[in-house]
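Q: Those protein sequences? They're chains L and G, same order as listed.
Oh and the first sequence: position 196 is 851 in our numbering, straight run, nothing missing.
Oh and the second sequence: position 78 is 733 in our numbering, straight run, nothing missing.
2 protein chains.
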Amino acid sequence: MKAAASTRKPNMREAILAAAEELFSTYGFNAVSVRDIAQAAGANPGSVTYHFRTKDGLLLEIYRRHCGPMNRRRSELLAAARRVRDLQDRLEAIVRAYVLPAFTSGSDLAGGGTRFTRLRAIMSAEGNEVVRKIIAQTFDDTSHAFIDAIHESLPHIPRTDLVWRSHFLLGALYYTLVTPERVSRLSRGSADGTDAGHAIEELVRATVAALQAAPLDEGAPRKIPAANPGRVVT
Amino acid sequence: MKAAASTRKPNMREAILAAAEELFSTYGFNAVSVRDIAQAAGANPGSVTYHFRTKDGLLLEIYRRHCGPMNRRRSELLAAARRVRDLQDRLEAIVRAYVLPAFTSGSDLAGGGTRFTRLRAIMSAEGNEVVRKIIAQTFDDTSHAFIDAIHESLPHIPRTDLVWRSHFLLGALYYTLVTPERVSRLSRGSADGTDAGHAIEELVRATVAALQAAPLDEGAPRKIPAANPGRVVT
DNA sequence: ACCATATTTGTACTATCGTCCAAATAATCC
DNA sequence: GGATTATTTGGACGATAGTACAAATATGGT
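(1) Counting pairs of beta carbons, one from the segment 860-874 of chain G and one from the segment 802-822 of chain G, are three or more of them closer than 8 Å?
(2) Any idea if S680 of chain L is buried or exposed, counting beta-carbon neighbours within 10 angstroms, 16 or more meaning buried?
(3) List the residues of chain G that Y829 of chain L touches, going by C-beta distances under 7 Å, in chain order.
(4) What distance in whole Å lies between the Cβ atoms of S760 of chain G and H721 of chain G, which are believed to be in contact at a cut-off of 8 Å?
(5) Would L606 of chain L pass as an interface residue toward chain G - the criterion being a Cβ-Cβ separation below 8 Å?
(6) Hey, quick one: how far does the alpha helix (DSSP H) through D796 of chain L stretch, first residue to last?
(7) Can you list the residues of chain L that L871 of chain G reaches, using a CB-CB cut of under 7 Å?
(8) Which same chain residues end up closer than 8 Å to V739 of chain G when comparing Cβ atoms and leaving out the 5 residues on each side of it in sequence?
(9) Enumerate, from N- to C-terminal direction, the unbroken alpha helix (DSSP H) stretches of 4 or more residues contained entirely within the segment 838-873 of chain G.
(10) 8 Å is my cut-off, CB to CB: does I802 of chain G come that close to chain L?
(11) Please determine, among L:S808, L:A827 and L:L871, the residue with the shortest C-alpha to C-alpha distance to Q743 of chain L.
(12) Just curious, the alpha helix (DSSP H) that N726 of chain G is in, first and last residue?
(13) CB-CB under 8 Å to I717 of chain L, same chain, minus the five flanking residues each way: which ones, in chain order?
(14) Identify the contact partners of R840 of chain G in chain L, using a Cβ-Cβ distance below 8 Å as the criterion.
(15) Have a look at G:S702, G:T862, G:A851 and G:H853 and flag the residue whose alpha-carbon is nearest the alpha-carbon of G826 of chain G.
(16) At a CB distance below 8 Å, what residues from the segment 679-696 of chain L approach chain G? Give them in sequence order.
(17) Please report the distance separating the alpha-carbon of N666 of chain L from that of A696 of chain L.
(18) Spell out whether any CB of chain L is found under 8 Å from the CB atom of V786 of chain G.
(19) Between H706 of chain G and chain L, is any beta-carbon pair separated by less than 8 Å?
(20) Within 8 Å (strictly less), CB to CB, does I749 of chain G reach chain L?
(21) Against S845 of chain G, what residues of chain L qualify as contacts under a CB-to-CB distance less than 9 Å, listed in chain order?
(22) Looking at the C-beta of V739 of chain G, does it have a partner C-beta in chain L at a distance below 8 Å?
(23) At the level of alpha carbons, what is the spacing between A851 of chain L and F758 of chain L?
(24) Let's see if you can read the secondary structure: which residues bound the alpha helix (DSSP H) around Q792 of chain L?
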């Protein structure tokens, strides 16, 4: 070996994608420059332009790379979950089918699924316009399928409530991946926010309970909260 | 009135703060430039530097402005909730005391609380270093107080699980404020994601149920999930 | 070995970034 | 009303952003 700089990357395109994925999912899209990505991948900034034309194009390619396998995996797990006999077990299996692929990507290396989900979390927070369409197109179908499956297991709960609750699930999932150290901090070390296995179990348990809760309409009529927050202006 | 440009702002500093708050909470910290803020506030870019020295200083001042009143409000509501006799009602009141101030700021104008919470959501996603310390210092005390109160209402559930579940609550809360249109979309119009009042009720109901769920330790021993996601490398 | 193609490199361009500063203007106090 | 302070203005600075492009180099087929 002559020098470190002389080692040749077998596939620079992949290296750039991996570096971009890691940086975007950690610092957000806007905080990372093309030059940062190139340096992390051991490539020239011009190479990024050559392979992906624009920075947006690079982000798009990352999504293309992951969406297919992840949604395929989700469909498989969902189909298997639907076949579970016991209703309670089936509901839990459905939730697990939604959560698991977010943590473990089928084909990619360790932490691949986590990284991409963290990326999605940051992108939805930043309100990235390029990604918004992909989200709506690619993920809404999956979300609808899951909500339908959940509704079959809990037919007495209005779909609207189930939409809200699975929305909360996704928010909790995102937040756990984005700030795992907060759990460690608040639990004073008795829990590890980066322990994906445990996070999944906690998330599934909590979500199943939330989904089974009585809907807002029925049950004992509740008092209207003291303060009236009105409608959010946006 | 002579011309629109001649109207003088009574307090330019406040106008800049308001504009920055709105823009940061919508597009994130990195996507918004000092010039964007100045223009939205009808001010000169130099004015921003004059009042807040740096862009970070501006963000810091926004936090300083909101943290005090919001946490004070939370403390009051939490104290009131602790006095509720019925255990089930008390738990619900505690959760409501945590959620309500995030939607309605005590002193500010309409949507002030929502805007600041949305800002916090985006900042935690972007991993802003300037803000991380404030979060840990200012909000962890409040979070601990709430977890303690919840633990009093649910003494049979280990604190660790309650930390996880209140973490999920915050994630769900953030996500609802960041992408409210997703709820409207997925529910096909039967729910309005921007309806803060309804969002609060759904969130409280779901969270109370999640908090009351059996902890992971006890209950029927569960199967270990097929795939072993291992530990997230970060 | 040679050619055609694919990729990498280095550099340059324009735009915009955060921040600074001196001059202009408004507000305040004696 | 004049002096003093506070604020606003417009322009400038160096740094860095995304992207483009020609030259250099590597690759693969024949």
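We put the beta carbon where it would ideally sit given N, CA and C, even for glycine.
A: Quick look at the numbers:
(1) Enough Cβ pairs lie closer than 8 Å, so yes.
(2) So S680 of chain L counts as buried.
(3) G826 and Y830, listed in chain order.
(4) The Cβ separation is near 7 Å, so the contact holds.
(5) Not covered by the structure: residue 606 of chain L. The range shown for chain L is 656 to 889.
(6) It spans D795 to S808 - the alpha helix (DSSP H) in which D796 of chain L sits, taken as one unbroken run.
(7) Under the 7 Å cutoff, chain L gives E856, E857 and R860.
(8) The residues are R745 and A748.
(9) The qualifying runs are 851-867.
(10) Interface annotation, I802 of chain G: in contact with chain L, CB-CB separation under 8 Å.
(11) Selected option, being the one with the closest Cα: L:S808.
(12) N726 of chain G: member of the alpha helix (DSSP H) spanning K710 to R737, first to last residue.
(13) The answer, listed in chain order, is L672, A675, E676, F679, F771 and L774.
(14) Chain L residues near R840 of chain G: A791 and D795.
(15) Considering only alpha carbons, the answer is G:T862.
(16) The segment 679-696 of chain L vs chain G, Cβ under 8 Å: T681, Y682, G683, N685 and A686.
(17) Rounded to the nearest whole angstrom, the C-alpha separation of N666 of chain L and A696 of chain L is 11 Å.
(18) Taking Cβ atoms only, chain L never reaches closer than 8 Å to V786 of chain G, which makes this a no.
(19) Chain L, which has no Cβ nearer than 8 Å to the Cβ of H706 of chain G, makes this no.
(20) So no, I749 of chain G is outside the interface.
(21) Here the neighbours are P813, R814, T815 and V818.
(22) Output row for V739 of chain G: interface = no.
(23) Each residue's alpha carbon lies about 7 Å from the other.
(24) That residue, Q792 of chain L, is in no alpha helix (DSSP H); it is neither H nor E in DSSP.
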